[in-house]
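Q: Residue numbers (the numbering used here): 67 to 381.
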Ligand code: HEM
C-alpha cells in the first residue's frame, strides 16, 4: 500500500509532466521511477500471491475459513489456470482497496464515539429496545435501527477517509458549466469540500446523525454521502455495498456490547482528546487512547457464547 500511495501521488515524478522521460535508462537521475518500479512490482506480486497461497493451503488442509478466494475457487482440483489468475487478481484488488478503507472508517467511528458520548448513548438505547440482550444485530435489522443507520452515514460524511487523491483523466473533451475540459485533462475530485458544504450539511464540522432523520426514519434525499465517499461514474467503488453492510454489522455489534470512553488522566478523570490525522491514504487518525469495555455482564456472556475457542484464547 505504501508503494501504491507513492505511485499514486500526483506530481511525484517528472515523467508525469514530461512523458518522454520514460525512454531514459534507469541510471539517469530523472528516471528514479524506473529504479523504484521493480520494488513496486515485487510488492504487488506479494500482495497478490501471499494471502492467496495461504488460503489455498488452508483449503487443502480442510481448515479454511470462508473467504472470497474459497468462494471463487470452489474445488481447487477442478479449476483451470485462467480462472485462478482472475480470482487471484480480483481477491487482491478487493483486499488492497477494501481492507484499509474499511478499517480507517471504523477508526473514525471510534474517534466519534470518544468525542460524542451522547450519540453513543442514543444508539445503544435503540439497540436495547430493538435487539435486546440475547443476540447481536445483523444487516436484516437495518430498517429497524434508523439511528444506527444515520450514525454510520454521518461517520462516512464527517471524516471521508479518501478525502482527495483518486485522480482521473478525461478520456474525451467535455464541458461543465461553461468550462471546457480538454481530452487528457487530469481531474482531481474534492469529496472533502462536498462533505463540508454548509448548504447541504449545516454546521458541517459537527457529528450529527440527526441530520438524516425525519419522523424517526432515515431520509437521505440527495444528501447521502455515499455519492461522493465511494465516488461516481465508471470507476465507482465496486465494494461500496459490501463496505456499508460490513460496517453496519460491525459498528452496531460493537455499540451493542461495548462502551467506548475517552482516555483518562492519571487521576482517572477524562483527559483532553484532540483528533489529529496521519498523512496516509486512506486517511487515518493519529493513534489515540480510549476505553473499550463490555457494557454489562450479559454483553460479556453474549460475546463469550459467540466467540470460537481460538478467538477466546486470543483475547
Ligand atoms: C469504507 C470503505 C471504502 C471506501 C471509502 C472506498 C472508497 C473507494 C474510492 C474513493 C475508490 C476510487 C473510485 C474512483 O476511482 O473514482 C474506490 C475504488 C475501489 N474500491 Fe473501494 N472503498 C471502500 C471499500 C471497498 C471494499 C470493501 C472493496 C472490496 C471488497 C472495495 C473495492 C474497490 C475497488 C476494486 C476499487 C477500484 C475500482 C476501479 O478502479 O474500477 N472498496 N473505493
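Even for Gly, the Cβ is constructed at its ideal location relative to N, Cα and C.
Ligand 1 heavy atoms versus the CB of residue 205: any closer than 8 Å?
A: Position 139 of the chain shown holds residue 205. Incorrect: residue 205 has no Cβ contact closer than 8 Å to ligand 1.
Q: Would you grab the beta carbon distance between residue 339 and residue 181 for me? Rounded to a whole angstrom, and I think it's under 8 Å.
A: For this step, residue 339 is matched to residue 273 along the chain shown. For this step, residue 181 is matched to residue 115 along the chain shown. Rounded, the Cβ-Cβ distance is 7 Å, consistent with contact.
Q: How about residue 171 and residue 227: do their beta carbons lie closer than 9 Å?
A: Within the chain shown, the letter at position 105 stands for residue 171. Within the chain shown, the letter at position 161 stands for residue 227. Closer than 9 Å, so yes.
Q: Classify residue 241 as helix, strand or coil using the three-state DSSP reduction.
A: Start at 1 with the first residue of the chain shown, and residue 241 comes out as number 175. In this structure, residue 241 counts as strand in the three-state DSSP scheme.
Q: Could you spell out where the beta strand (DSSP E) holding residue 360 opens and where it closes?
A: Looking up residue 360 in the chain shown gives position 294. From DSSP, the beta strand (DSSP E) with residue 360 extends over 357-360.
Q: Determine the DSSP secondary structure at residue 266, reduced to helix, strand or coil.
A: Residue mapping note: residue 266 aligns to position 200 of the chain shown, counting from 1. Note: residue 266 maps to coil in three-state DSSP.
Q: Is the CB-CB distance between residue 203 and residue 193 below 9 Å?
A: For the purposes of this step, residue 203 is taken as the residue at position 137 of the chain shown. For the purposes of this step, residue 193 is taken as the residue at position 127 of the chain shown. Cβ atoms of residue 203 and residue 193: closer than 9 Å.
Q: Would the beta-carbon of residue 220 fall within 9 Å of that of residue 274?
A: On the chain shown, residue 220 is found 154 positions in, with the first residue counted as 1. On the chain shown, residue 274 is found 208 positions in, with the first residue counted as 1. Yes; because the gap between Cβ atoms is below 9 Å, this pair is in contact.
Q: What is the C-beta distance between residue 174 and residue 351, in whole angstroms, given that I count them as a contact (C-beta under 8 Å)?
A: In the chain shown, the residue the question calls residue 174 occupies position 108. In the chain shown, the residue the question calls residue 351 occupies position 285. Between residue 351 and residue 174 the Cβ distance is about 7 Å, and since that is below 8 Å, they are a contact.
Q: Quick one: which unbroken alpha helix (DSSP H) runs of 4-plus residues sit fully inside the segment 186-225? Chain order, please.
A: Segments of the alpha helix (DSSP H) lying fully in the segment 186-225: 212-224.
Q: Return the bridge partner residues of residue 343 from the DSSP annotation.
A: Reading the chain shown from its first residue, position 277 is the one you call residue 343. DSSP lists 351 as partners of residue 343.
Q: Looking at residue 303 and ligand 1, is the gap between the Cβ and the nearest heavy atom below 8 Å?
A: On the chain shown, position 237 is the one that residue 303 refers to. Residue 303 Cβ: within cutoff of ligand 1.
Q: Among all the DSSP beta bridges, which residues are the ones paired with residue 126?
A: Residue mapping note: residue 126 aligns to position 60 of the chain shown, counting from 1. Note: residue 126 sits in no beta bridge, so no partner.
Q: Measuring only the C-alpha atoms, how far is residue 127 from residue 140?
A: Numbered from its first residue, the chain shown carries residue 127 at position 61. Numbered from its first residue, the chain shown carries residue 140 at position 74. Spanning the two alpha carbons is a distance of roughly 14 Å.
Q: Run through DSSP, which three-state label would residue 275 get?
A: In the chain shown, counting from the first residue as 1, residue 275 sits at position 209. Reduced to three states, the DSSP call for residue 275 is helix.
Q: Taking the alpha-carbon of residue 135 as reference, which of 99, 160 and 307 has the nearest alpha-carbon?
A: As a position in the chain shown, residue 135 is number 69, starting the count at 1. Out of 99, 160 and 307, 160 has the C-alpha closest to the C-alpha of residue 135.
Q: Would you call the segment 250-264 and the segment 292-310 touching, i.e. three or more CB-CB distances under 8 Å?
A: Verdict: yes, contact present.
Q: Per DSSP, what kind of secondary structure is residue 246 in: helix, strand or coil?
A: Within the chain shown, the letter at position 180 stands for residue 246. Correct three-state label for residue 246: strand.
Q: From which residue to which residue does the beta strand (DSSP E) around residue 159 run?
A: Position 93 of the chain shown, counted from the start, is the residue given in the question as residue 159. Premise fails: residue 159 lies in the alpha helix (DSSP H), 147-181, not in any beta strand (DSSP E).
Q: Within 10 angstroms of its Cβ, does residue 186 collect 16 or more other Cβ (buried), or is it exposed?
A: Translated into the one-based positions of the chain shown, residue 186 becomes position 120. With 16 or more other Cβ atoms within 10 Å, it is buried.
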